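Presented below is the structure to which this report refers.
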Amino acid sequence: MNVSGSLHMPGDKSISHRSLILGALGVGESRITGILESQDVHSTAGVLRTLGVDVPVLSPDFVLRGVGSERFTPPAANLDCGNSGTTTRLMAGVVAALPIEATFVGDTSLSRRPMRRIARPLEAMGARVRLPEHGGLPMTIRGGALHDAAWTSEVASAQVKSAILLAALTSGVGATVTEPSRSRDHTERMLQARGAALTIRGTTVCLATGSSIRALDTAVPGDPSSAAFFAALAALADGGELRLIGVCVNETRTGFLTQLRRMGASVIEHNKRLEGGESVADLVVSPGRLVATTVGEGDVPAMIDELPLLACLAARAEGESVVTGASELRAKESDRITAVVDNLRALGATVTELSDGMRIVGSDRPLRGRVATHGDHRLAMAFGVLGAAAGNDIEIDDRDCVAVSYPGFWRDLERVRSE
Ligand code: S3P
672 MNVSGSLHMP GDKSISHRSL ILGALGVGES RITGILESQD VHSTAGVLRT LGVDVPVLSP
732 DFVLRGVGSE RFTPPAANLD CGNSGTTTRL MAGVVAALPI EATFVGDTSL SRRPMRRIAR
792 PLEAMGARVR LPEHGGLPMT IRGGALHDAA WTSEVASAQV KSAILLAALT SGVGATVTEP
852 SRSRDHTERM LQARGAALTI RGTTVCLATG SSIRALDTAV PGDPSSAAFF AALAALADGG
912 ELRLIGVCVN ETRTGFLTQL RRMGASVIEH NKRLEGGESV ADLVVSPGRL VATTVGEGDV
972 PAMIDELPLL ACLAARAEGE SVVTGASELR AKESDRITAV VDNLRALGAT VTELSDGMRI
1032 VGSDRPLRGR VATHGDHRLA MAFGVLGAAA GNDIEIDDRD CVAVSYPGFW RDLERVRSE
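Per the numbering used here, residue 672 is the first one in the sequence shown, and the count goes up by one each step.
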C-alpha cells in the first residue's frame, strides 16, 4: 500500500463542543468557522437548543448569538447526548448552575459510562444529582446557586475538569481543580481568551470568583485525533508521504505523534503557527521500519483517544509493545482494552490483556478477519487503517459509526491510498 496527497483535517471535536457551549454562555455574537459537523457535535448543539439557545444549523461558517446562561430555559424534553461523553459532562456542569431540573440521556454506550466522577464534585458544589445504581445515564440534575469548588480529581480528565469550571463560571463562584496529570487544556485556553480570570499552576487550574466571558470568534483547528489515523496510515505504508493540513498540535494532544516518531516513522511539522490561541501545523508523515514502543501512565493523557490506534500499529511493529497505566480506556465509548485485545487476537495477533493496558507482539504476518467495533468510532477507524496495510484483510462490522467524529473518514482513506 502506498500513500500520497494531502488532506485538510476536520475540525477538532473538543474545541467544537466548547465553541458552542462558550458561545452560548457569553453574551454577543461569536463567529465559528471550521466546526466539526459530526454526530457528537450535533448532540451538543441539540442539547443547547433544548435549553432554549438559538443554535443555527451547523455549517463551515456561522454566527452563534450568545444570550448568557440567565436566558437558558427549563427543558421541555430530556437532554439527548447521543454517544457523546463530552456533551454530557460539560453540559452537566452548566445545568448544575441553573435554576432548572434536567435529565441527561444517551445511547447504550453512553448510558453505561461513569458519571459519578462529575456527580460528586457538582454535588459538593451544591447541585442535586440523581444517578442509577450503575452510575451511568439517565442522570437527573437539579441545579441552582453553587458554592466555591476545591476539587482533586482521581483521574486526569478534561471532561471532569471542564464540568467543574463551567459550573463555577455559570454560577459566578470560584473553582480550583487539581488533576493527577495534565489533561487537554482547551477549556482553560478558551476561557482565558474570552476574558475569564483563570490561572494554571502545574496540574492545578483556578477560576476566580465572579469570572465572566465575552463573545469571541473561533476558528476551529484540525483534530489531532483524526489526523492520527492518517499519520498511522502513512507510517504503515510501503512508500509515499501524506500531508495533513491545519492540525492542532497543542502539546496536551500530541502524544501519539511522539510515539509514532519513536517507533520509526517520519513526522515533520511545517508552517507552525498560532491560530485562535492554539498551535497549528501541517504534518508530513512518511513510513519507516516500525519498532515496538512502551507507553506508561504519564504518556496516556496526551494520547488517550489514540491508544487503540497505537495498539494496531504495534501489531505491525518489530518487537513487543507494552501499554500500562491506561485503565481509563475501559471507561470510553467501549471497553477499549478488552475490545482491542479481542479484535487483534481474532485477526491472528499475539496480545495479552492487562488490567490497565496490554502487551502486543508485532509481526508482518497478514492479519485477517472481522472486527467487532461495539459501535465505537475510534475502533472502526483504527482497524480500518490496519486493514489498509499490505497483506491484511479486515472486515469492520459497523463502518458507519465513524460519523460520531469523522463522517468523511472512509472517503478520505480511499482518496490517499493506493495498492
Ligand atoms: C475530551 C476528553 C477526553 C477524551 C474525549 C474528549 C474532551 O475524555 O477522551 O474524547 O473534549 O474534554 P476524558 O476527559 O474523560 O479523559
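Glycine included, every Cβ here is placed at the ideal spot set by N, Cα and C. Just so you know, these numbers come straight off a predicted model, no measurement behind them.
>> Can you tell me where the alpha helix (DSSP H) holding MET861 begins and where it ends?
In response: Residues 857–864.
> So, using beta-carbon positions, are ASP732 and THR704 closer together than 7 angstroms?
Replying inline: Yes, Cβ-Cβ distance for ASP732 and THR704 is below 7 angstroms.
> According to the Cβ coordinates, are GLY959 and ARG987 closer than 7 angstroms?
Replying inline: Cβ atoms of GLY959 and ARG987: not closer than 7 angstroms.
>> GLY739 and VAL776 - do their beta-carbons sit closer together than 7 angstroms?
In response: Inclusion of VAL776 and GLY739 in the CB contact set at 7 angstroms is not warranted, their separation being larger than that value.
> Which of helix, strand or coil does DSSP assign to ARG799?
Replying inline: Reduced to three states, the DSSP call for ARG799 is strand.
> What did DSSP end up calling PHE775 once you bin it into helix, strand or coil?
Replying inline: The answer is strand: DSSP assigns PHE775 an E or B state.
>> Does THR965 come out as helix, strand or coil in the three-state DSSP assignment?
In response: Here THR965 sits in strand by DSSP.
> Cβ of SER1076 within 7 angstroms of Cβ of SER709?
Replying inline: Yes, the pair counts as a contact, with Cβ atoms nearer than the cut-off.
> Exposed or buried, which one is GLY910 when buried takes at least 16 other CB atoms within 10 Å?
Replying inline: Classification for GLY910: exposed.
>> On a Cα-Cα basis, can you pick out the residue from MET810, VAL844, LEU808, LEU837 that is closest to ALA816?
In response: Taking the Cα of ALA816 as reference, the smallest distance to any Cα among MET810, VAL844, LEU808, LEU837 is reached at VAL844.
> What did DSSP end up calling PHE901 once you bin it into helix, strand or coil?
Replying inline: PHE901 sits in a helix when the DSSP states are folded into three classes.
>> Given 6 angstroms as the limit, tell me if ILE975 has its C-beta closer than that to any heavy atom belonging to the ligand S3P.
In response: Yes, the ligand S3P has a heavy atom inside 6 angstroms of this Cβ.
> Counting Cβ pairs closer than 8 angstroms, one from the region 787–798 and one from the region 808–825, do we hit at least three?
Replying inline: With contact defined as three or more Cβ pairs closer than 8 angstroms, the region 787–798 and the region 808–825 are in contact.
> Contact check, VAL951 vs GLY917 under 8 angstroms by CB: the rounded distance?
Replying inline: Right, the Cβ-Cβ distance comes to about 6 angstroms (below 8 angstroms), so this counts as a contact.
> Hey, LEU978 and ALA1010 are a contact pair by Cβ (cut 8 angstroms); roughly how many whole angstroms apart?
Replying inline: 11 angstroms between Cβ atoms; not a contact.
>> Strictly by DSSP, which residues pair up with LEU869?
In response: Assignment of beta-bridge partners to LEU869 by DSSP yields LEU878.
> Do MET934 and VAL955 come within 7 angstroms of each other at the CB atom, strictly closer than that value?
Replying inline: Annotated as distal: VAL955 and MET934, with beta-carbon spacing of 7 angstroms or more.
> Is SER828 near the ligand S3P, judged by its Cβ being under 6 angstroms from some heavy atom?
Replying inline: Distances between the C-beta of SER828 and the heavy atoms of the ligand S3P include at least one below 6 angstroms.
>> Closest to ARG744 by C-alpha separation, out of SER852, ARG783, GLU772, would be which residue?
In response: Inspection of the sequence shows that residue 744 is occupied by Thr rather than by Arg. Nearest of SER852, ARG783, GLU772 to THR744, Cα basis: GLU772.
> Got a sec? Which residues, its chain only, sit under 6 angstroms from GLU1066 by beta carbon, not counting five neighbours each side?
Replying inline: Sequence-distant Cβ neighbours of GLU1066 in its own chain, meaning closer than 6 angstroms and more than five residues away, are ARG1041.
>> Can you look up GLY1040 in the DSSP assignment and give me helix, strand or coil?
In response: Strand, per DSSP.
> Which class does ILE812 belong to by DSSP, given the choice of helix, strand or coil?
Replying inline: In the structure shown, the three-state DSSP call for ILE812 is strand.
> Taking the C-alpha atoms as reference points, what is the distance between VAL712 and THR811?
Replying inline: About 21 angstroms.
> Is SER685 near the ligand PLP, in the sense that its beta carbon is under 6 angstroms from a heavy atom of that ligand?
Replying inline: Because the ligand PLP does not appear in the structure shown, any question about it cannot be addressed here, the ligands present being the ligand S3P.
> Can you tell me whether DSSP reads THR925 as helix, strand or coil?
Replying inline: In the structure shown, THR925 sits in coil (DSSP, three-state: anything other than H, G, I, E or B).
> Do the region 867–886 and the region 898–915 meet, that is, are 3 or more Cβ pairs less than 8 angstroms apart?
Replying inline: Per the Cβ contact rule, the region 867–886 is not in contact with the region 898–915 (fewer than 3 Cβ pairs under 8 angstroms).
> Can you tell me the Cα-Cα spacing of SER685 and ARG885, whole angstroms?
Replying inline: Distance from the CA atom of SER685 to the CA atom of ARG885, rounded to whole angstroms, is 20 angstroms.
>> Would THR889 and GLY947 be called neighbours here (beta carbons separated by less than 7 angstroms)?
In response: Going by C-beta atoms, THR889 is nearer than 7 angstroms to GLY947.
> Within 6 angstroms: the Cβ of THR995 and any heavy atom of the ligand S3P?
Replying inline: No, the ligand S3P has no heavy atom inside 6 angstroms of this Cβ.
>> Our contact map puts GLU700 next to VAL674 with C-beta atoms below 8 angstroms; I'd like the distance itself, whole angstroms only.
In response: Contact flag wrong, Cβ pair sits at about 41 angstroms.
>> Cutting at 7 angstroms between CB atoms, please list the residues of its own chain near THR870, excluding the five before and the five after it.
In response: Answer for THR870: CYS877, listed in chain order.
> Can you name, in chain order, every residue of its own chain whose Cβ lies under 8 angstroms from the Cβ of THR1021, other than the five neighbours on each side?
Replying inline: Excluding residues within five positions, the ones whose Cβ falls inside 8 angstroms are ILE1031, VAL1032, SER1034.
>> Does the distance between the C-beta of THR774 and the nearest non-hydrogen atom of the ligand S3P fall short of 6 angstroms?
In response: Flag unset: Cβ of THR774 not near the ligand S3P.
> Going by the beta-carbon positions, is the gap between ALA834 and ILE789 smaller than 7 angstroms?
Replying inline: Yes.
> Out of curiosity, what's the CA-to-CA distance linking ASP1013 and ALA839?
Replying inline: Distance between the alpha carbons of ASP1013 and ALA839 is about 42 angstroms.
>> Given the structure, does THR889 come close to the ligand S3P, in the sense that its CB is under 6 angstroms from one of the ligand's heavy atoms?
In response: Outside the cutoff, so no.
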